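Asks: Quick one: the structure is below, and I'll ask about it shortly.
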Amino acid sequence: FMLKNPVKSLLMASALFVLSGCAKQEGPRFAEPPVLSPNGNQGAPLVAILNAQTTQPVLLNVDISDGERSWSVPTGEVPATDHEVVLLGFRAAREHAVVASVIAPDGAVVDAATLKFVTPALPDYFPAISVPVSKPEQMEPGVTLFALMRWPDGGDTDEEFGLAVAVDETGEVVWYRRDDPMFEDPHRLANGNLISIVGYNRLEESDMIGNVVAAWHADQHPNAEAVEHVPEGSIAVATETFHHDVQEMPSGNLLTLSTELRVYPEYPASIEDPATTGTANVIGDVIIEFARDGSTVNEWRLLDMLDPLRLGYESLGEIWDIWAYGDVEGGTRDWSHANSVFYDEAADSILVSLRHQEAVISFSRATGELNWILGAHDSWGPRWQPFLLEPVGELQWQYHQHAAEVTPSGTIIIFDNGNFRALPPAQAMTGAEAYSRAVEYLIDAEAKTVEQVWSYGAPGEGAFFSPFISEADRLPVTGNVLITDGGRVEDESGAQTDQIVGGNHWARIVEVTRSEDPEVVFELVVDSSDHEPDIGWAVYRSDRLPSLYANRLP
2 FMLKNPVKSL
12 LMASALFVLS
22 GCAKQEGPRF
32 AEPPVLSPNG
42 NQGAPLVAIL
52 NAQTTQPVLL
62 NVDISDGERS
72 WSVPTGEVPA
82 TDHEVVLLGF
92 RAAREHAVVA
102 SVIAPDGAVV
112 DAATLKFVTP
122 ALPDYFPAIS
132 VPVSKPEQME
142 PGVTLFALMR
152 WPDGGDTDEE
162 FGLAVAVDET
172 GEVVWYRRDD
182 PMFEDPHRLA
192 NGNLISIVGY
202 NRLEESDMIG
212 NVVAAWHADQ
222 HPNAEAVEHV
232 PEGSIAVATE
242 TFHHDVQEMP
252 SGNLLTLSTE
262 LRVYPEYPAS
272 IEDPATTGTA
282 NVIGDVIIEF
292 ARDGSTVNEW
302 RLLDMLDPLR
312 LGYESLGEIW
322 DIWAYGDVEG
332 GTRDWSHANS
342 VFYDEAADSI
352 LVSLRHQEAV
362 ISFSRATGEL
372 NWILGAHDSW
382 GPRWQPFLLE
392 PVGELQWQYH
402 QHAAEVTPSG
412 TIIIFDNGNF
422 RALPPAQAMT
432 GAEAYSRAVE
442 YLIDAEAKTV
452 EQVWSYGAPG
462 EGAFFSPFIS
472 EADRLPVTGN
482 VLITDGGRVE
492 DESGAQTDQI
502 VGGNHWARIV
512 EVTRSEDPEV
522 VFELVVDSSD
532 HEPDIGWAVY
542 RSDRLPSLYA
552 NRLP
């Protein structure tokens, strides 16, 4: 099932073959010369397809070299006579030698063909990517996958520009997919494909060739035009939006964030003076679990679970007027602004990061009951006091955070963006003073306690500040932490700011050791300000994949 046909015109790349050593002996061999073709989808040009036929069912070996690097390609585990192999990992603007070998049952190479593949240069629309630090011997093995958000002329994001990129340990591009419109946070599913959020009403699953193979849309989206323009074959899900995050559960179901609108007649109209009230259209986050056929399995509404009158800085913002609810008279209020959802299988619980509530919550998937609330205790009423986690030892709360996840050791890791570092009516920290952190907490759900066990980032020398997006991941092999410091913004003078619209946008991905004094072992910077000053870039999140091939080490 494909939602779009691959583009038939070939890329401006060369695919030649030179047959070497085709033996005339009996036994398995190539029935005819293998064929190496550029990818038919122009959006992913660093991909080639090898087709071969053998006289008997055999396994193939495929080895690739560009003169500097060599690697092997997985070709399957079942002997066959017809072979089609997707080749990944090419760098741009290079000639590659591709050696396809026929392997006899005893493991001997009985026939081989050498082919050549010349990749095109990276297009002009690519940003400048630099790698100030790369220490491969200390890094988590694999490739770094991320999607780029384009910010032209200091205005809003370019919603019609989508670009996902994978780089090796040196920061060199080894795969990319270019498509429209913008898609966010591509990450791997169990079947090896990638899933992404597109706009605020669609999810798309794509393969490594770049083809969209499945899609879902929120068929109750308040903007009728958004529903009318979904791709043919997209599966309808009975909800209003999809936003910020989607996770695949062990069952294969998809867990994501949606929204609802409720009207409150006496809602606070001012952060500074909450006694001033009026009618408000409040957007509440909805967590939805649905099957791949689009049927809803579970749904949890945060306006029922938490206090709809509790406000943080930006809770009265109107961003949903832009994203989905632009036709609502009187505008909307962005009460909680959920930005991540994570299924904790060990506890059968769901974690949600609520940016405007300055909180991460956990609730039971089975009952929908709260387990705990992680964050500053200010303004929570009596009903929620029993769920607040008490700090143990020295601890700093997170503010305006993103991407709360359970680590392999059972702790919680968060990107603490650090906006404001206060709840109203306390004085907010300015954008010039603010700083971000990657922070890890150990939570005792029974005792309702929390301990800060690790962090990276602090005020002063070496401080960094991403006022929006971003992520932190514990990596499984080394235990290092991959940090997407992805939303840097500078004003006209070059000073950091929390004003997301306007200024220069740039991004950083950094890998650090999880030690008392963290060491940077990899740093990648995306910044076009020197050669293309009118274009800014941001990175929503990033992942370190063991390989471009699913479940395969390099």
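Residue numbering for the sequence shown follows this note's numbering, beginning at 2 and increasing consecutively. Where is the CB? At the ideal position from N, CA and C, for every residue including glycine. The model shown is predicted, which means the values in this text are computed figures rather than measured ones.
1) Give a yes or no on whether the C-beta atoms belonging to isoleucine 284 and phenylalanine 243 are separated by under 9 Å.
2) Which stretch, first to last residue, makes up the beta strand (DSSP E) that contains leucine 51?
3) Going straight from the alpha carbon of threonine 55 to that of proline 35, what length do you get?
4) Alpha carbon to alpha carbon, what distance is there between threonine 76 and glycine 22?
5) According to DSSP, simplified to helix, strand and coil, what is methionine 140?
6) In whole angstroms, what is the alpha-carbon distance linking aspartate 518 and glutamate 229?
7) Select from Gly234, Leu483 and Thr431 the residue whose C-alpha is nearest the C-alpha of phenylalanine 416.
8) Output the distance between the C-alpha atoms of glutamate 315 and aspartate 335, rounded to the nearest integer angstrom.
9) Under 8 Å by Cβ, that's how I've got aspartate 64 and valine 100 pegged, so tell me the actual separation to the nearest angstrom.
10) Tell me the rounded alpha-carbon separation between tyrosine 177 and alanine 94.
11) In the DSSP assignment, find the unbroken alpha helix (DSSP H) run with isoleucine 323 in it and report its ends.
12) Are tyrosine 201 and histidine 188 close, meaning C-beta to C-beta below 9 Å?
13) Hey, is the segment 437-445 in contact with the segment 468-484, meaning 3+ C-beta pairs nearer than 8 Å?
14) Going by the beta-carbon positions, is the gap between threonine 280 and glutamate 267 smaller than 9 Å?
15) Under the three-state reduction of DSSP, which class applies to arginine 475: helix, strand or coil?
16) What do you get for glutamate 330, buried or exposed, if any count of 16 or more other CB atoms within 10 angstroms of its CB means buried?
17) Specify the secondary structure class of arginine 311 as computed by DSSP and reduced to three states.
18) Check valine 540 in the structure and name its three-state DSSP category.
19) Which residue from Arg509, Gly253, Phe91 and Gly28 puts its Cα closest to that of asparagine 194?
20) Would valine 527 and valine 521 qualify as a contact pair, given that the criterion is a beta-carbon distance under 9 Å?
21) For threonine 333, count neighbouring C-beta atoms within 10 Å of its own C-beta (all shown protein chains included) and say buried if the count is 16 or more, exposed if not.
22) Excluding the 5 residues flanking alanine 219 on each side, which residues of the same chain have their C-beta closer than 7 Å to its C-beta?
23) Taking only the alpha-carbon atoms, compute the straight-line gap between threonine 408 and serine 131 and give it to the nearest angstrom.
24) Are there 16 or more other CB atoms within 10 angstroms of the CB of threonine 368, so buried, or fewer, so exposed?
25) Where does valine 231 sit, in a helix, a strand or coil, going by DSSP?
26) The alpha helix (DSSP H) that contains aspartate 557, what's its start and end?
27) By how many angstroms is the C-alpha of glutamate 290 removed from the C-alpha of threonine 297?
28) Excluding five sequence neighbours on each side, which residues of the same chain lie with their C-beta closer than 7 Å to the C-beta of isoleucine 501?
29) Does arginine 266 come out as helix, strand or coil in the three-state DSSP assignment?
30) Are alanine 191 and glutamate 206 close, meaning C-beta to C-beta below 9 Å?
31) Is glutamine 221 helix, strand or coil by DSSP?
32) Do leucine 317 and serine 271 have their C-beta atoms within less than 9 Å of each other?
33) Considering only the beta carbon of each residue, do tyrosine 400 and alanine 377 sit closer than 9 Å?
34) Apart from the five residues on each side of it in sequence, which residues of its chain come closer than 6 Å, Cβ to Cβ, to tyrosine 326?
35) Are proline 124 and arginine 179 touching if we call contact CB-CB under 9 Å?
36) Given that a residue counts as buried once 16 or more other Cβ atoms are within 10 Å of its Cβ, and exposed if not, what is valine 451?
Replies: In this structure, then:
1) no
2) 49-66
3) 9 Å
4) Confidence in glycine 22 is poor, its pLDDT being 42 and thus under 50, which makes the residue's placement unreliable; the coordinate value appears in the next sentence. About 21 Å.
5) coil
6) 53 Å
7) Leu483
8) 7 Å
9) 5 Å
10) 14 Å
11) 320-324
12) no
13) yes
14) yes
15) strand
16) exposed
17) coil
18) strand
19) Gly253
20) Not closer than 9 Å, so no.
21) Its Cβ being crowded by 16 or more others within 10 Å, threonine 333 is buried.
22) Asn202, Val238, Thr240, Glu241, Thr242, Phe243 and Ser259
23) 29 Å
24) It counts as exposed.
25) coil
26) In the structure as shown, the chain starts at 2 and stops at 555, and residue 557 therefore has no counterpart that could be examined.
27) The C-alpha of threonine 297 lies about 6 Å from the C-alpha of glutamate 290.
28) Pro468, Phe469 and Val490
29) In the sequence under discussion, the amino acid at residue 266 is proline, which differs from the arginine named in the question. Residue state, collapsed to three classes: strand.
30) No.
31) coil
32) Yes, these two residues count as a Cβ contact at 9 Å.
33) yes
34) Pro223 and Thr333
35) Result yes, Cβ atoms of proline 124 and arginine 179 sit closer than 9 Å.
36) buried
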